[in-house]
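The letter at position 26 of the sequence shown is residue 565 when you use our numbering, and the numbering goes up by one with no holes.
Here a beta-carbon is modelled for each residue, glycine too, at the ideal position from N, C-alpha and C.
In this text, all values refer to a predicted model and were calculated from it rather than measured experimentally.
Read through the structure below, which is laid out as structure tokens, and then see the notes.
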Amino acid sequence: MTMTLKGDKEIIAYLETKYGKSAMKRITDFALTKAGNKVVSIIKGNMKSFEDTGESVEETTLSKPMTIKGVRTVKIHWRGPKQRYRIIHLNEYGHFDRSGKWVNTAGKGVIENAMREGRETYFRTVKEEMRKRV
């Protein structure tokens with residue numbers, strides 16, 4: 540049987556009719572979580588370059604898969620008892636000190652660089668996991 544599919548929507552619709560929506564959601568969630576954890580480990584490794592107490596690195600976590608505007612998504616966030624999410628953006632982008640001078644922190648751009656570095660790893664892992672399970 541030969542089949543011609545064009546576009547993502549047709550492929551998704553075909554897979555959902557073949558396996559069912561809940562099975563596809565479960566497969567997609569597993570692939571997203573596995574790929575997201577690889578990116579989190581890359582970010583944690585890069586953040587060690589400016590760690591002091593290590594609390595920011597420890598609180599780097601991955602959210603559960605969720606649907607945002609019709610797309611299954613995972614988010615990387617900083618949640619924990621030390622509330623490091625309040626200062627992550629200061630380390631990433633820099634800030635003004637009390638005297639009004641701009642401070643370029645040691646961790647400036649580290650998360651962005653890690654995200655760029657992990658982009659290919661993320662997409663490759665999602666493709667591999669989807670290929671294994673479908």
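Residue j beta carbon less than 8 Å from that of residue i
i: K578; j: G646; result: The amino acid occupying residue 578 in the given sequence is Val; Lys does not appear at that position. No; because the gap between Cβ atoms is not below 8 Å, this pair is not in contact.
i: T664; j: A574; result: yes
i: I566; j: A653; result: no
i: F569; j: E668; result: yes
Neighbourhood of residue i by C-beta, 6 Å cutoff - its chain only, sequence neighbours within 5 removed
i: T644; result: N630, G633
i: T543; result: For T543, the predicted structure reports a pLDDT of 47, less than 50, and the residue's modelled location is therefore unreliable. The matter cannot be settled from this model.
Residue environment, residue i, which counts as buried when at least 16 other CB atoms sit within 10 Å
i: T556; result: exposed
i: T599; result: buried
i: W641; result: exposed
i: S595; result: buried
i: I650; result: buried
i: T541; result: The pLDDT assigned to T541 is 45, lower than 50, so where the model puts this residue is not dependable; a value taken from the coordinates is nonetheless given after this. Answer is exposed; the Cβ neighbour count stays below 16.
Close beta carbons around residue i, own chain, < 8 Å, minus the five adjacent residues each side
i: T612; result: L571, P604, M605, T606
Member of the options whose CA lies at the smallest distance from the CA of residue i
i: I615; options: M586, F589, N576, D568; result: N576
i: R655; options: A552, K564, N585, W617; result: N585
i: G609; options: K671, K548, R672, L554; result: K548
i: S528; options: V673, G648, T660, R672; result: Since the first residue shown for the chain is 540 and the last is 673, residue 528 is missing from the structure and cannot be characterised.
Practice problem: Run through the segment 590-618 for me and flag every whole beta strand (DSSP E) of 3 or more residues, listed as ranges in chain order. | Solution: 599-601, 605-607, 610-612, 615-617
Self-check item: Uninterrupted alpha helix (DSSP H) stretches inside the segment 617-648 (no shorter than 4 residues)
Solution: 627-632
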